[in-house]
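Have a look at the structure below before the remarks.
Protein chains: 2
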Amino acid sequence: MRKEEDFSEWFSTAIEKAELRDKRYPVKGMDVWLPYGWAIMKRIDQGWREEFDGTGHKEVSFPLLIPETEFQKEADHVKGFEEDVYWVTQGGKNPLDVRLVLRPTSETAMYPMFALWIRSHADLPLKTYQIVSTFRYETKMTRTFLRVREIHFFESHTAHATFEDAEQQIQEDLQINERLMRRFCLPYLVSKRPEWDKFPGAFYSLGADTLLPSGRTLQLATFHQYRDNFSKVYEVKYEAPDGTHKYVHQTTDGMSERIVGAIIAVHGDEKGLVLPPEVAPIQVVIVPILEKGRQEEIGRAARELYAALQPQLRVHIDERDLRPGEKFYHWEAKGVPLRVELGPKDLEKQSVVVVQRTTGEKKSLAILALAARLRSMLELIQVEMFARAEKVLKENTFTILRLEDARDGINRMGWCGRKECGIAVTEKTGMNVLGTPYYKESASGKCAVCGEAAIDVLYAAKAY
Amino acid sequence: MRKEEDFSEWFSTAIEKAELRDKRYPVKGMDVWLPYGWAIMKRIDQGWREEFDGTGHKEVSFPLLIPETEFQKEADHVKGFEEDVYWVTQGGKNPLDVRLVLRPTSETAMYPMFALWIRSHADLPLKTYQIVSTFRYETKMTRTFLRVREIHFFESHTAHATFEDAEQQIQEDLQINERLMRRFCLPYLVSKRPEWDKFPGAFYSLGADTLLPSGRTLQLATFHQYRDNFSKVYEVKYEAPDGTHKYVHQTTDGMSERIVGAIIAVHGDEKGLVLPPEVAPIQVVIVPILEKGRQEEIGRAARELYAALQPQLRVHIDERDLRPGEKFYHWEAKGVPLRVELGPKDLEKQSVVVVQRTTGEKKSLAILALAARLRSMLELIQVEMFARAEKVLKENTFTILRLEDARDGINRMGWCGRKECGIAVTEKTGMNVLGTPYYKESASGKCAVCGEAAIDVLYAAKAY
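Same order as they appear, the protein sequences are chains A and B.
Numbering-wise (the numbering used here), the first sequence opens with residue 859 and increments by one.
Numbering-wise (the numbering used here), the second sequence opens with residue 859 and increments by one.
And the structure:
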């Protein structure tokens, strides 16, 4: 099945064939993570940890349950979430005195504690993150990885002395994001979300969106500048060097299991997943091609090869009693970047056949120094996969002059800056307004909606 | 403060000084994991992963929420848990059609899926595990790490063709447990829990208990043989080679954040934590001893040393602007196994002073080949810490002839095998019956309760 023809069906089938999740769990929108899907997610978790540890963030872990009393303090925030939170109302056989919310995100869990932790300017910046499940009582149709009720979630939360320091943090987040999305081979567009669609409680919100083959965009990451909106509510203050007490300025950076969904959608093909080498739990699979009478010899050579590669690569050897063709099919569906075939003829030449998942290309390589060759192939694949996806993103981002020309993909248009025209984009095209370009673009010409002079650019697309 | 004098107070203070958890979170019994506490927990998680991955278990991750309909299928299990589960009854502003339980443990979430996954004998054994939060609506007094409402939890779940295969799994679990507890430097006693205190739904339960300085035991791990008790309820069947359909036999192995609590309690001292090198997030801390006029030179040498050690050890350099004494105090409270001091005199001799956390012993070691020396010191500390704790456990396990002689520690006594006498132990001494020894011990003499002939041995202790 080609993903361009029926993306939805292709996407579900690819997940099923690769054995990533099981969606038959008896709560809709809560899928079981199967071992291979979880292994991919853990690779992504590790990417998050490396980048955020490396920039001085400290990993914490907050409780899941938030008392209603804390949850309801920030008015916009509550309003934004009250329709889609799960409520714990009973413990054992007794109703609880204070109802508890399953975290939809952790501002209201963390900031009462930040108020206790932060005393003086010397405690700032405070840079924390956690990787947890969040919960949304989703009433729309759910879809594995893209719209779910239990979400595997990354969230960094920082506090700073000044607005400018918080702005600086957003810059660091964007740099981290660039490095992460290169690892994940996901190109993206950063937009400043429109005022009417920012995160509940934020001063402003940025989103990084990628484009899926369905022509719809998917939000990969969000960056929120909270200014002192939350600190005023939760009394998060510090003593400045001059002895005065000031509210901190806060930011967050959020990502989720959607990244797995994006990788599948952007890179997969009719055979199934195609994983970036950085993300692949198995980078190289060895398939011995056994010939009657020589099974033992080839099996031994394959195991020796495995032992030689194993310290340098994430490698697996498939010794199951199946035909080679079945094994090829199996590992292709799982998106393993490189397959190494070792048969009688290869062994005689002291070489192997290496097959590249992205292109299907085969080449014969000497067993001697194979690990180094495979490593450089993987590095090249990593770069090529990003570049190819970036090309698709660019080709499907087009400037339109009139709203009537809006089509699948990312529509770039002039905007007069008025909310009415922004809202009209959604009303007339059914598309979401992604926002204005974060990296400023020249806005010449007219507003695509009202025809008056454009003062900014607006991006719009159908979004998940 | 000495832990033997007021264990409770010492334990709380040690956790606070080492900055492991913050218990001021506004839900009782749900403590925030601070970065250092979480780093220790992640080391333990990694130990679990290495041991269970290495024995062919696959890591999965199941949803948190379990529908009431599934939860209530196994009668004994429900009865054991219904008093202490949290109920989600509302989504957004609407009551849910089917109420959802926050997992107290995952049998009832997993086994409906096992019924879908297992078709034939070729699917067996199925060996899975997950590391998740579990929830108990605890009504007794809570205590950090030891009795909490959100529990960081490890649980393996396996399914087998026969009862004997499941028994074999319990043997493997006990071997894994032995290796894990050596890593964590926690000696333990394995008991078969009495029939009246086994896990709800189990055929039998084993517990591994350690002894804390308070004289009370703490359960570190449990191993349950379920036989086909759950598979009959959740219809987990397989087709045998002869074409008949049979119920699988199941086991579980469970551990939790209590292991962190046990490490603190068993090994800590008046200065705070003492961490086993395998568990320590920081194994070696470098403290430069700066002397006026030579700060730069010493600072540079310390950073060079850090760079040299870093690939081989988990090392940290403390360059904060504090007096050395304050730094010593700080890292001692955090239980870092080795401190390396580098001052002007050391530098002249091209040596450092190494201070061992367990003994306070100091020695001067050459900078040349220091990493190898430190590594062998850490290996020795690891062995010594286990041995010392094991000695304490043995010294505090005593055989008593009459119930009146029961005292703090682990009481070993003859037992006639009757439930009434077992129950009487608890009623008369307030102690918990840990059970009968899993590794059979000769039972001579009389029942410590009724005085009739003993047919088995019973262990009893005050337990957390």
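Idealized CB from N, CA, C, for every residue including glycine.
Since the model is a prediction, treat every value here as computed from it, not as a measurement.
Counting along the chain, where does the alpha helix (DSSP H) carrying residue i start and finish?
i	result
A/Arg1040	Phe1021 to Arg1041
B/Leu1196	Looking at the DSSP string, B/Leu1196 is not in any alpha helix (DSSP H); the run it does join, the beta strand (DSSP E), is Leu1196 to Leu1200.
A/Ala1318	Note, A/Ala1318: premise wrong, no alpha helix (DSSP H); beta strand (DSSP E) at Asp1314 to Ala1319.
A/Arg957	Looking at the DSSP string, A/Arg957 is not in any alpha helix (DSSP H); the run it does join, the beta strand (DSSP E), is Asn952 to Leu960.
A/Asp934	Ala933 to Phe939
B/Ala973	Glu965 to Trp975
A/Ala1159	Gln1153 to Leu1167
B/Pro1058	Segment: none, B/Pro1058 is in no alpha helix (DSSP H) and carries neither H nor E.
A/Val1291	Element bounds for A/Val1291: not the alpha helix (DSSP H) but the beta strand (DSSP E), Asn1290 to Pro1295.
B/Lys1286	Lys1277 to Thr1287
B/Lys1185	Pro1182 to Ala1191
With H, G and I counted as helix, E and B as strand and the rest as coil, what does DSSP make of residue i?
i	result
B/Arg907	helix
A/Asp1127	strand
B/Met899	helix
B/Ser870	helix
B/Phe1011	strand
A/Ile1122	helix
A/His1107	strand
A/Ala1311	strand
A/Lys881	coil
A/Gln1214	strand
B/Lys861	coil
A/Leu1261	helix
A/Val1133	Residue identity check: residue 1133 of chain A is Leu in the sequence provided, not Val. Residue state, collapsed to three classes: coil.
A/Ser1234	helix
A/Val1250	helix
B/Ser1072	coil
B/Ser1089	helix
B/Ala1066	strand
B/Lys1207	helix
Would you list the one or two residues that DSSP bridges to residue i?
i	result
A/Thr1255	A/Ile1268
B/Met1113	B/Phe1012 and B/Ala1079
A/Arg1005	A/Arg1001
A/Ala1017	A/Leu984 and A/Gln1108
A/Glu1097	A/Ser978 and A/His1103
A/His1174	A/Val1143
B/Trp1273	B/Asp1314
A/Asp889	In the DSSP output, where bridge partners are listed per residue, A/Asp889 has none listed.
B/Ser919	A/Trp891
A/Lys1304	A/Ala1311
How would you write the range of the beta strand (DSSP E) that residue i sits in, first residue to last?
i	result
A/Phe1081	Thr1075 to Arg1085
B/Trp945	Tyr944 to Gly949
A/Ile924	Leu923 to Pro925
B/Ile989	Leu984 to Phe993
A/Thr913	Unbroken run through A/Thr913: none, as it is neither H nor E.
A/Ala1224	Lys1220 to Ala1224
A/Lys1050	Leu1047 to Lys1050
Could you list which residues in chain E have their beta carbon closer than 7 Å to that of residue i, in chain order?
i	result
B/Phe920	The structure shown has no chain E; the protein chains it does contain are A and B.
Contact between the region 1104–1112 of chain A and the region 1073–1090 of chain A is defined here as three or more beta-carbon pairs at a separation below 8 Å; is this criterion met? They touch, by the three-pair rule.
Between the region 1003–1014 of chain B and chain A, which residues of the former have CB atoms less than 9 Å from a CB of the latter, in chain order? Arg1007, Glu1008 and His1010
Positions along the region 887–902 of chain A whose CB lies within less than 7 Å of some CB in chain B: Met888, Val890, Trp891, Leu892, Pro893 and Trp896
Below 8 Å, can you find three or more Cβ-Cβ pairs linking the region 887–898 of chain A to the region 905–922 of chain B? yes
Counting only Cβ-Cβ distances shorter than 7 Å, please list the residues of the region 1140–1153 of chain A near chain B, keeping chain order. none
Can we say the region 977–989 of chain B touches the region 1063–1081 of chain B, given the rule of at least three CB pairs closer than 8 Å? no
Within the chosen definition, does the region 1127–1137 of chain B reach the region 1012–1024 of chain B through at least 3 CB pairs nearer than 8 Å? no
Report the residues of the region 871–882 of chain A with a CB closer than 9 Å to any CB of chain B, ordered along the chain. Asp880 and Arg882
Of the residues that make up the region 1097–1122 of chain A, which ones have a beta carbon closer than 8 Å to any beta carbon in chain B? none
Answer yes if the region 933–950 of chain A comes into contact with the region 1047–1060 of chain A, meaning at least three C-beta pairs across the two stretches below 8 Å, and no otherwise. yes
Near-chain B residues of the region 944–966 of chain A - C-beta to any C-beta below 9 Å: Tyr944, Trp945, Val946, Thr947, Gln948, Gly949, Gly950, Lys951, Asn952, Leu954, Val956, Arg957, Leu958 and Leu960
Residues of the region 985–1000 of chain B whose Cβ lies closer than 7 Å to any Cβ of chain A, in chain order: Ser991 and Tyr995
Are at least three pairs of beta-carbons, each pair with one atom in the region 1222–1242 of chain A and one in the region 1154–1173 of chain A, less than 8 Å apart? yes
Per the contact definition of three or more C-beta pairs closer than 8 Å, is the region 1190–1198 of chain B in contact with the region 1140–1152 of chain B? With contact defined as three or more Cβ pairs closer than 8 Å, the region 1140–1152 of chain B and the region 1190–1198 of chain B are in contact.
Is the region 938–951 of chain B touching the region 1016–1032 of chain B, taking contact as three or more C-beta pairs under 8 Å? no
Do the region 1113–1124 of chain B and the region 1075–1085 of chain B touch if we need at least three Cβ pairs shorter than 8 Å? yes
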